[in-house]
Amino acid sequence: MSKIELKHIDKYYGKNHILKDVNLTIEDGDFMTLLGPSGCGKTTTLRVVSGLEKPQNGTILMNGKEIVNAAEAHFAPPSERDLNLVFQSYALWPHMTVRENIAFGLNIQKLPKDEVDRRIEDALARMQIGQYVDRYPSELSGGQQQRVAIARAIASEPHLLLMDEPLSNLDAKLRVDMRSELKRLHIETGTTMIYVTHDQVEALTMSTKIAIFKEGVIVQVDHPLELYNNPVNLYVADFIGNPSINFADGKAEVGPDGMTVTSPLGKMVFPKKDLTDMLPKEKSFDAVLGIRPEQLSINTTRQSPSDIEAHIYTSMPAGSETLVTVKVGGVSLVIKALGITHYNPDQVVYLSIDLNKINVFDKKSTNLIKYSV
Ligand SMILES: Nc1ncnc2c1ncn2[C@@H]1O[C@H](COP(=O)(O)OP(=O)(O)OP(=O)(O)O)[C@@H](O)[C@H]1O
């Protein structure tokens, strides 16, 4: 069992304020991914949890026990924090074979030989590296070494596993395989995971929860789908999703029954029950529509009076789907259409939008003001 609570963590490197009042609870059994662009403080957070860095402010609890209390200068050494770490750099022992590297920690724990062998075979199979078992790290590629490092960590069956971009050196296919292995491992073992990546697909596909960072601040912590459907602000909306969400500027008017947004896409009415409590006080303000590429559908003939007339800009078939870019007024929209569809440049098409699904943001505060339902 492993529950981690970070409370009011500040970390400075010299004068640079790297982590700014970080509060985060990782429940027992969570697969918590720390996600954000390069330099936003993800690795630093992991290093603070592992004990490799000391924060200047805040406390960290592990299963209710204080392992960090900066005010009292209490920092439990890494060895007393029941966890295992996998870094982007693999830190394998160069003079040991793959098998010896994986066995090393298990032998220190004085586990029976049968148990050591079972765990090594299981880790080798999961990471698909059985054929390299007698090689030395110098005889392996970067991606193979990375998988040995993961195998070594999972063989020790830790309660808490911290991983920093562990799949960064793998090719696209292997990455997908390893994601599914790690997800399966998490489900089977219930190990609490804290996982650092800047790859949003990795985060969305594997995690039970995602914490989105921006410049040392946690902006949103949520389940992956909730983050995708209802990002708390424009930053999260733009960061999550591939292809990116479409934005269109408009003017909002709030009345007793709801909100009307007028934009180049026409007039849209949203019922009061779908509005968040982040509405600005003014009755009329600048708003931004947030429309995911799959929330738009495209037809060559008008299907309903509310359809929006648009012109094809480009159409990019990619096998299972076609990404179509259209122009409406001055707005450019990307649409994800299933299958192969062909359109001619400048062809007139008609768009329909599921108004229940789309988001609306307040342009000034950038906050979400209309939920996707
Ligand atoms: N030892 C250090 N001394 C000084 N500054 C540091 C140190 N380690 C990290 N930083 C700075 O702290 C900030 C956060 O770094 P961190 O490694 O936590 O980011 P990250 O979100 O993990 O980024 P990436 O995805 O690029 O690994 C960066 O601006 C970085 O330059």
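Residues in the sequence shown are numbered from 533 upward in steps of one, following the working numbering.
Cβ coordinates follow ideal geometry from the N, Cα and C atoms, glycine included.
All of these numbers come straight from a predicted model, not from anything done at the bench.
C-beta atoms of T591 and V600 nearer than 8 angstroms | Against a cut-off of 8 angstroms, the Cβ pair of V600 and T591 comes out as a contact.
Mind checking whether the beta-carbon of G662 lies closer than 7 angstroms to any heavy atom of ligand 1?
-> The closest heavy atom of ligand 1 lies 7 angstroms or more from the beta carbon of G662.
Between A869 and E853, is the Cβ-Cβ spacing less than 8 angstroms?
-> Against a cut-off of 8 angstroms, the Cβ pair of E853 and A869 comes out as a contact.
Using a threshold of 7 angstroms, is the CB atom of H730 nearer than that to any non-hydrogen atom of ligand 1?
-> With a threshold of 7 angstroms, the Cβ atom of H730 counts as near ligand 1, since some heavy atom of the ligand is closer than that.
Through-space distance from G773 to L865, alpha-carbon basis | So the two alpha carbons sit approximately 14 angstroms from each other.
Looking only at DSSP bridge pairs, what is G583 linked to?
-> Bridge partners of G583: none, in fact.
heavy atom of ligand 1 below 7 angstroms from T575 C-beta | Yes, Cβ of T575 sits closer than 7 angstroms to a heavy atom of ligand 1.
Which of helix, strand or coil DSSP assigns to Y875 = The answer is coil: DSSP assigns Y875 none of H, G, I, E or B.
Alpha carbon to alpha carbon, what distance is there between F817 and F893?
-> Spanning the two alpha carbons is a distance of roughly 11 angstroms.
Straight-line gap, S904 to D806 (C-alpha atoms, nearest Å) | One C-alpha to the other measures close to 8 angstroms.
Local conformation of V680 per DSSP, three classes = In the three-state scheme derived from DSSP, where H, G and I count as helix and E and B as strand, V680 is classed as helix.
Ordered along the chain, which non-local residues of its own chain (more than five positions away) have a Cβ less than 7 angstroms from that of T575?
-> If we look at T575 and ignore the five residues flanking it on each side, its Cβ neighbours are D696 and V728.
Compute the distance between the beta-carbons of Y882 and N831, then report whether it is under 8 angstroms.
-> Yes, the pair counts as a contact, with Cβ atoms nearer than the cut-off.
So what does DSSP say about Q588, is it helix, strand or coil?
-> The answer is coil: DSSP assigns Q588 none of H, G, I, E or B.
Segment contact, 8 angstroms Cβ cut-off, at least three pairs: the region 602-619 with the region 582-589 | Contact holds: three or more Cβ-Cβ distances are below 8 angstroms.
Assign H606 to one of two classes, buried (16 or more other C-beta atoms within 10 Å of its C-beta) or exposed (fewer than that).
-> By the 10 Å Cβ count, H606 comes out exposed.
Check whether the Cβ of G583 sits closer than 7 angstroms to any heavy atom of ligand 1, and report yes or no.
-> No - ligand 1 has no heavy atom lying nearer than 7 angstroms to the Cβ of G583.
G530: buried (16+ other C-beta within 10 angstroms of its C-beta) or exposed?
-> Since the displayed the chain opens at 533 and closes at 905, residue 530 lies outside it and no answer follows.
Spell out the partners DSSP gives V892 in its beta bridges.
-> Under the DSSP definition of a beta bridge, V892 partners with L821 and K902.
Nearest neighbour of L811, chosen from Q752, E826, A784 and L828 [CA to CA] | The shortest Cα separation from L811 among Q752, E826, A784 and L828 belongs to A784.
Of the listed residues L699, R651, E720 and L717, nearest to V733 (C-alpha basis) = Among L699, R651, E720 and L717, the Cα nearest to that of V733 belongs to L699.
Does ligand 1 have even one heavy atom less than 7 angstroms from the beta-carbon of S700?
-> Not so, every heavy atom of ligand 1 lies at least 7 angstroms from the Cβ.
Would you report the Cα separation of I541 and S836, rounded to the nearest angstrom?
-> In a straight line, the C-alpha of I541 is about 53 angstroms away from that of S836.
N548 beta carbon near ligand 1 (any heavy atom closer than 7 angstroms) = Between ligand 1 and N548, a heavy atom-to-CB distance of less than 7 angstroms is present.
What span of residues does the alpha helix (DSSP H) with L736 cover, start to end?
-> Element bounds for L736: Q732 to M738.
Rounded to a whole number of angstroms, what is the C-alpha to C-alpha distance between N888 and K547?
-> Between the alpha carbons of N888 and K547 lies a distance of about 46 angstroms.
May I have the straight-line CA-CA distance separating R707 from Y767, to the nearest angstrom?
-> Distance between R707 and Y767, taken at the CA atoms: about 26 angstroms.
In chain order, what residues of the same chain have a beta carbon less than 7 angstroms from the beta carbon of L714, not counting five sequence neighbours either side?
-> M738.
Report the residue from T898, G871, Y845 and A850 whose alpha carbon sits nearest the alpha carbon of Q879.
-> Nearest of T898, G871, Y845 and A850 to Q879, Cα basis: Y845.
Shortest alpha-carbon distance to A780 belongs to which of A819, E671 and A681?
-> Nearest option by C-alpha distance: A819.
Is Y903 near ligand 1, going by C-beta to nearest heavy atom under 7 angstroms?
-> For Y903, the distance from the CB to the nearest heavy atom of ligand 1 is not below 7 angstroms.
Cβ neighbour criterion (16 or more within 10 Å) applied to H718 | It counts as buried.
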